[in-house]
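Just add 22 to wherever you are in the sequence shown, counting from 1, and you've got the numbering used here.
In this text, a Cβ means the ideal position worked out from N, Cα and C, and glycines have one as well.
Values in this document were obtained by computation on a predicted structure and should not be read as measured data.
Below is one structure, written out as structure tokens, with a few remarks after it.
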Amino acid sequence: MLLEGKNAIVTGASRGIGRAIALELASLGANVACVSRSLDSLQETIQGVIALGRKAQGYALDVANTDAVDKAVEQISQDFGTLDILVNNAGVTRDTLMMRMSEQDWDFVLDTNLKGAFNWIKPVTRTMIRQRSGTVVNIASVVGLIGNAGQVNYSASKAGLIGLTKSVAREVASRGITVNVVCPGFIETDMTKELSEEVRKKVLEQIPLKRFGQATDIAKMVSFLCSPHSTFITGQTFTVDGGMVMS
Ligand code: NAP
23 MLLEGKNAIV
33 TGASRGIGRA
43 IALELASLGA
53 NVACVSRSLD
63 SLQETIQGVI
73 ALGRKAQGYA
83 LDVANTDAVD
93 KAVEQISQDF
103 GTLDILVNNA
113 GVTRDTLMMR
123 MSEQDWDFVL
133 DTNLKGAFNW
143 IKPVTRTMIR
153 QRSGTVVNIA
163 SVVGLIGNAG
173 QVNYSASKAG
183 LIGLTKSVAR
193 EVASRGITVN
203 VVCPGFIETD
213 MTKELSEEVR
223 KKVLEQIPLK
233 RFGQATDIAK
243 MVSFLCSPHS
253 TFITGQTFTV
263 DGGMVMS
């Protein structure tokens with residue numbers, strides 16, 4: 023029970039990678055504050071965490087709404103006590119070629135994926151600084167490293183998250199707080215379900231390990247970064263993609 027007694031916040035915990043992260047952290051002993059835009063969508067994750075013998079509570083809000091996040095952080099502190107782990111996983115896509123991309127497409131993705139993470143990191147690390155301990159893991163993407171046609175907004179948001187991670191890591195390291203970023207490759211979730219067979223085939227050809235990732239592949243990396251096994255690691259970018267991107 024590496025995370026016994028720890029309290030974690032996981033955004034985008036209603037399905038896919040976020041749900042897998044919430045359950046993995048709970049299986050290692052953590053209590054989990056689960057965040058998404060609706061309480062209904064969080065029920066399965068909450069029940070899963072409770073079934074593992076841990077405390078879970080849902081918080082419904084838009085991560086892009088700064089006031090709503092501030093209020094939620096206050097409420098989570100009251101409900102749970104210490105804030106030990108923050109996983110910024112909530113994310114959206116609005117894919118189209120740049121020439122067709124509207125200002126709304128740009129703002130929606132940047133506001134959720136990048137500003138959303140900043141909104142959580144600021145108040146949560148304020149508490150972690152007082153505690154003199156804590157760990158933050160941001161979920162970016164391989165396209166934040168290499169770019170992708172049709173995802174100018176999304177790849178910019180994820181590249182921004184990588185820069186944000188490194189800067190915050192430098193600002194809070196002296197207070198015993200680690201901040202890292204995980205870049206998933208192609209993971210089978212609702213986000214990738216919509217892609218055509220043709221696109222899936224093309225992607226698979228680029229994965230040396232010859233399979234798509236599962237949400238648990240990302241959850242295992244996140245739990246390592248939240249565990250006592252990784253206390254000397256901060257400001258780092260971890261690619262979990264079956265070997266698709268090698269640097
Ligand atoms: P998903 O199945 O679409 O789930 C997205 C999660 O984010 C849901 O829980 C959703 O909750 C939540 N969410 C979205 N907008 C939100 C907002 N404004 N406020 C609060 N919650 C919000 O996505 P996924 O595939 O699990 O992806 C999770 C993360 O991994 C994302 O950051 C994504 O960019 C990243 N990623 C995924 C892949 C992949 O291949 N799947 C690859 C690279 C990176 P509700 O809809 O219930 O509100």
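Compute the beta-carbon to beta-carbon distance between Thr115 and Ile184, rounded to the nearest angstrom, for a pair I have assumed lies under 8 angstroms.
No, Thr115 and Ile184 are not in contact; Cβ-Cβ is about 17 angstroms, not under 8 angstroms.
Taking DSSP as the reference, what is the three-state secondary structure of Gly182?
Residue state, collapsed to three classes: helix.
If I'm right that Val32 touches Val146 with Cβ under 8 angstroms, what's the distance once you round it to whole angstroms?
At roughly 12 angstroms, the Cβ-Cβ gap does not stay under 8 angstroms, so Val32 and Val146 are not in contact.
Using DSSP bridges, identify the partner residues of Thr259.
According to DSSP, which records beta bridges pairwise, Thr259 is partnered with Val203.
Cβ of Gly80 within 7 angstroms of any heavy atom in the ligand NAP?
Every heavy atom of the ligand NAP is 7 angstroms or more from the Cβ of Gly80, so no.
For the 8 angstroms Cβ check, are there 3 or more pairs between the segment 148–155 and the segment 69–85?
The segment 148–155 vs the segment 69–85: no contact.
Quick check on Lys166: does DSSP put it in helix, strand or coil?
Contrary to the premise, residue 166 reads as Gly rather than Lys in this sequence. Looking at Gly166 - three-state DSSP - the assignment turns out to be helix.
Out of Asn160, Tyr81, Thr238, state which residue places its alpha-carbon closest to the alpha-carbon of Ser179.
Nearest of Asn160, Tyr81, Thr238 to Ser179, Cα basis: Asn160.
Taking 8 angstroms as the cut-off, does the segment 224–243 touch the segment 189–198 (at least 3 CB pairs, one atom from each stretch)?
Segments in contact, no.
Label Pro250 either buried or exposed according to how many other C-beta atoms from any shown protein chain fall within 10 Å of its C-beta, with 16 as the threshold for buried.
Flag for Pro250 reads exposed.
Which first and last residues belong to the alpha helix (DSSP H) in which Asn141 is found?
Counting along the chain, the alpha helix (DSSP H) containing Asn141 begins and ends at 138–153.
Buried or exposed: which applies to Lys28, given that a residue is buried once 16 or more other Cβ atoms fall within 10 Å of its Cβ?
Buried is the call here.
List the endpoints of the continuous beta strand (DSSP E) containing Gln79.
Counting along the chain, the beta strand (DSSP E) containing Gln79 begins and ends at 78–82.
In chain order, what are the residue ranges of uninterrupted beta strand (DSSP E) at least 3 long that sit wholly in the segment 77–121?
As far as the segment 77–121 is concerned, its whole beta strand (DSSP E) runs of at least 3 residues are 78–82, 107–110.
So, helix, strand or coil for Val71, using DSSP?
Reduced to three states, the DSSP call for Val71 is helix.
What is the DSSP secondary structure of Ser269, counted as helix, strand or coil?
Looking at Ser269 - three-state DSSP - the assignment turns out to be coil, as it is neither helix nor strand.
Are the CB atoms of Gln79 and Asp101 within a distance shorter than 8 angstroms?
A contact, by the Cβ cut-off of 8 angstroms.
Pull up the distance between the alpha-carbon of Ile143 and that of Val244, whole angstroms please.
Each residue's Cα considered, the two are about 16 angstroms apart.
Which residue or residues does DSSP assign as beta-bridge partners of Cys248?
Paired residue(s): none; Cys248 is not in a bridge.
Need the endpoints of the beta strand (DSSP E) that Ile161 sits in, please.
156–161 is the span of the beta strand (DSSP E), which, as asked, contains Ile161.
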